[in-house]
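Have a look at the structure below before the remarks.
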Amino acid sequence: MSTIRVLGASLFLVLAANAGAQQYPTRNISMIVPYAAGGPTDTVARVLGQAMGKPLGQTVIVENRPSAGGILGPEQVKNAKPDGYTILIHHIGMATTPTLYRKLRYNPLTDFEYIGLINEVPMTIIGKPQLPAKDFKEFLDYIRKNKDKVSYANAGIGAASHLCGMLFMSAIQTDFLTVPYKGTAPAMNDLLGGQVDFMCDQTTNTTSQIKSGKVKAYAVTSAKRVASLPDVPTLAEQGVKGGEVAIWHGLYAPKGTPKPVLDKLVSSMQEALKDQNVRARFAELGADTFPPERQTPAALQQHLKAEIEKWAPLIKKAGQYAD
Ligand code: ASP
Numbered sequence: 002m003s004t005i006r007v008l009g010a011s012l013f014l015v016l017a018a019n020a021g022a023q024q025y026p027t028r029n030i031s032m033i034v035p036y037a038a039g040g041p042t043d044t045v046a047r048v049l050g051q052a053m054g055k056p057l058g059q060t061v062i063v064e065n066r067p068s069a070g071g072i073l074g075p076e077q078v079k080n081a082k083p084d085g086y087t088i089l090i091h092h093i094g095m096a097t098t099p100t101l102y103r104k105l106r107y108n109p110l111t112d113f114e115y116i117g118l119i120n121e122v123p124m125t126i127i128g129k130p131q132l133p134a135k136d137f138k139e140f141l142d143y144i145r146k147n148k149d150k151v152s153y154a155n156a157g158i159g160a161a162s163h164l165c166g167m168l169f170m171s172a173i174q175t176d177f178l179t180v181p182y183k184g185t186a187p188a189m190n191d192l193l194g195g196q197v198d199f200m201c202d203q204t205t206n207t208t209s210q211i212k213s214g215k216v217k218a219y220a221v222t223s224a225k226r227v228a229s230l231p232d233v234p235t236l237a238e239q240g241v242k243g244g245e246v247a248i249w250h251g252l253y254a255p256k257g258t259p260k261p262v263l264d265k266l267v268s269s270m271q272e273a274l275k276d277q278n279v280r281a282r283f284a285e286l287g288a289d290t291f292p293p294e295r296q297t298p299a300a301l302q303q304h305l306k307a308e309i310e311k312w313a314p315l316i317k318k319a320g321q322y323a324d
């Protein structure tokens with residue numbers, strides 16, 4: 002093939018890709034959730050995805066790629082075609098897995114494009130309905146006395162529930178048996194059924210169960226009490242230091258997604274987060290929407306980097322790793 006024909010063919014490909022990017026989106030978009038359907042990450046994805054569909058003019062379909070620790074979802078998105086039709090929603094696990102896993106098959110800092118920060122969600126320490134403890138003090142006594150018997154449910158190494166449990170164990174200097182699930186939706190089912198004793202999970206999954214009295218709430222892990230759960234005290238209020246953690250969510254696309262496509266994803270996410278119904282639903286679930294200046298690619302990139310640096314020494318100190 003002559004040089005001119007090769008150049009002509011490449012120019013055609015570039016022009017075609019640009020034209021495609023300008024028309025984007027012309028079909029449904031998949032938002033990958035790295036945990037089970039019905040759980041807290043899934044809940045945030047469904048509220049956001051539905052609202053993003055309006056400005057995008059297409060349906061955002063939430064697809065669950067559950068795995069313990071949530072590490073298969075980011076891998077799937079890293080390997081997806083960078084055309085804007087596959088995006089990832091993920092939480093703090095994006096910042097903890099690089100330290101927790103010796104062999105992670107994606108790099109959160111180099112394999113993705115950033116869309117923006119979504120919201121921040123507190124966590125709650127809850128127990129199965131049959132637990133005898135009426136308050137945090139009794140709960141602490143109970144799990145300390147029964148540390149060889151009690152079981153703690155989490156969504157695997159890298160999950161928010163894992164991080165919260167790890168901090169809690171270290172703060173109260175008591176180890177207990179952990180039972181991993183592919184998300185805290187199935188973990189909640191087992192907790193309600195009494196098969197596991199307690200867990201720490203986002204308010205997006207626990208608020209309605211706490212309010213309806215189906216689980217026992219012992220503490221929130223945020224610095225302040227949560228407006229939607231005013232009667233649940235913080236860990237610090239109860240004298241436990243070092244258990245503070247808040248979960249944040251971000252939206253990502255595969256590395257190499259064209260700029261015009263990314264711009265549309267950014268503006269649709271920002272548009273969705275202005276929606277009063279979205280904000281009200283998040284607030285009802287205890288989640289705080291990030292302010293507009295943080296709903297940006299630069300803010301997500303900066304936050305992710307800072308969080309990787311923040312959690313690395315704490316994880317190393319706790320000595321918890323996976324391959
Ligand atoms: N709450 C889970 C976690 O611990 C994730 C989920 O099921 O959405 O990370």
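Here the sequence shown is numbered in my numbering, starting from 2 and rising by one per residue. Backbone N, C-alpha and C define an ideal beta-carbon position, used for all residues, glycine too. Just so you know, these numbers come straight off a predicted model, no measurement behind them.
Cβ-based neighbour list, residue i, same chain, cut-off 7 Å, excluding 5 preceding and 5 following
i: ALA160; result: GLY70, GLY71 and GLY94
i: GLU1; result: Given a span of 2 to 324 for the chain in the structure shown, any question on residue 1 remains unanswerable.
i: ALA172; result: VAL241, LYS242, GLY243 and GLY244
i: THR208; result: SER229, LEU230, LEU286 and GLY287
i: CYS165; result: MET124, CYS201, THR222 and VAL246
i: VAL92; result: Rather than Val, the amino acid found at residue 92 in this sequence is His. For HIS92, where only same-chain residues beyond five positions count, the Cβ hits under 7 Å are THR42, ALA161, ILE248, TRP249 and HIS250.
i: ASP191; result: ALA154 and VAL197
i: GLU308; result: ILE93 and ALA96
Between the CA atoms of residue j and residue i - distance to the nearest angstrom
i: GLY54; j: PRO133; result: 46 Å
i: ASP136; j: ASN278; result: 34 Å
i: MET32; j: ASP142; result: 43 Å
i: LYS129; j: LYS217; result: 6 Å
i: TRP333; j: ASP112; result: Any answer about residue 333 is impossible in this case: the structure gives the chain only from 2 up to 324.
i: LYS150; j: CYS201; result: 18 Å
i: PHE81; j: VAL34; result: For the sequence presented, residue 81 should be read as Ala rather than Phe. Going by the C-alpha atoms only, they are around 14 Å apart.
i: TRP249; j: THR204; result: 12 Å
i: ALA300; j: GLU310; result: 15 Å
i: TYR107; j: TYR219; result: 36 Å
i: VAL246; j: LYS260; result: 34 Å
i: GLN23; j: ALA156; result: 39 Å
i: SER213; j: LYS148; result: 28 Å
i: ARG295; j: SER223; result: 20 Å
i: LEU73; j: PHE140; result: 35 Å
i: ASP264; j: LYS104; result: 32 Å
i: ALA319; j: ASN29; result: 43 Å
i: LEU168; j: SER162; result: 10 Å
i: TYR86; j: GLY21; result: 12 Å
i: THR258; j: PRO83; result: 4 Å
i: LYS146; j: GLU76; result: 41 Å
i: ALA323; j: LYS183; result: 16 Å
i: SER269; j: TYR36; result: 23 Å
i: THR98; j: PRO293; result: 27 Å
i: MET170; j: ALA52; result: 38 Å
Sequence-distant residues of the same chain with beta carbon closer than 8 Å to residue i, five excluded per side
i: LEU305; result: MET95, ALA96, PRO109, LEU110, TYR115 and GLY251
i: GLN210; result: ILE127, MET189, LEU193 and VAL216
i: LYS138; result: GLN239
i: GLU338; result: Since the first residue of the chain shown is 2 and the last is 324, residue 338 is not available in this structure.
i: VAL327; result: Shown here, the chain extends from 2 to 324; a query on residue 327 therefore has no answer.
i: ARG280; result: LEU274 and THR290
Cβ-based neighbour list, residue i, same chain, cut-off 6 Å, excluding 5 preceding and 5 following
i: GLY39; result: ALA186
i: VAL221; result: PRO123, THR125, VAL227, VAL233 and THR235
i: PRO26; result: LEU57 and GLN59
i: GLU272; result: PRO56
i: LEU152; result: In the sequence as displayed, the identity of residue 152 is Ser instead of Leu. Around SER152: LEU178, VAL180, VAL197 and ASP198.
i: ILE144; result: VAL151
i: TYR102; result: ALA323
i: GLN302; result: TYR115
Expected contact under 8 Å - CB spacing of residue i and residue j to nearest Å
i: ARG282; j: VAL48; result: 5 Å
i: ASN120; j: VAL61; result: Wrong, their Cβ atoms sit about 17 Å apart, outside the cutoff.
i: ALA325; j: ALA154; result: Past the edges of the chain, shown from 2 to 324, lies residue 325, and the structure says nothing about it.
i: LYS317; j: THR100; result: 7 Å
i: VAL267; j: THR297; result: 7 Å
i: PHE291; j: LEU118; result: 4 Å
i: ASN206; j: PRO67; result: With 8 Å as the limit, ASN206 and PRO67 do not qualify as a contact, their Cβ atoms being about 14 Å apart.
i: GLY50; j: GLN131; result: That belief does not hold up - the Cβ atoms of GLY50 and GLN131 are roughly 36 Å apart, past 8 Å.
**Message:** Quick test of the definition: if touching needs 3 or more C-beta pairs under 8 Å, does the segment 171-180 touch the segment 246-255?
**Reply:** As far as the Cβ criterion goes, the segment 171-180 does not touch the segment 246-255, which means the pair count is below three.
**Request:** Counting only runs of 3+ residues fully inside the segment 182-212, write out the beta strand (DSSP E) ranges in chain order.
**Result:** 199-203
**Prompt:** Could you give the uninterrupted runs of the alpha helix (DSSP H) lying entirely in the segment 62-112, keeping only those of 4 residues or more?
**Reply:** 73-79 and 94-101
**Uninterrupted alpha helix (DSSP H) stretches inside the segment 251-276 (no shorter than 4 residues)** = 260-275, all fully within the segment 251-276.
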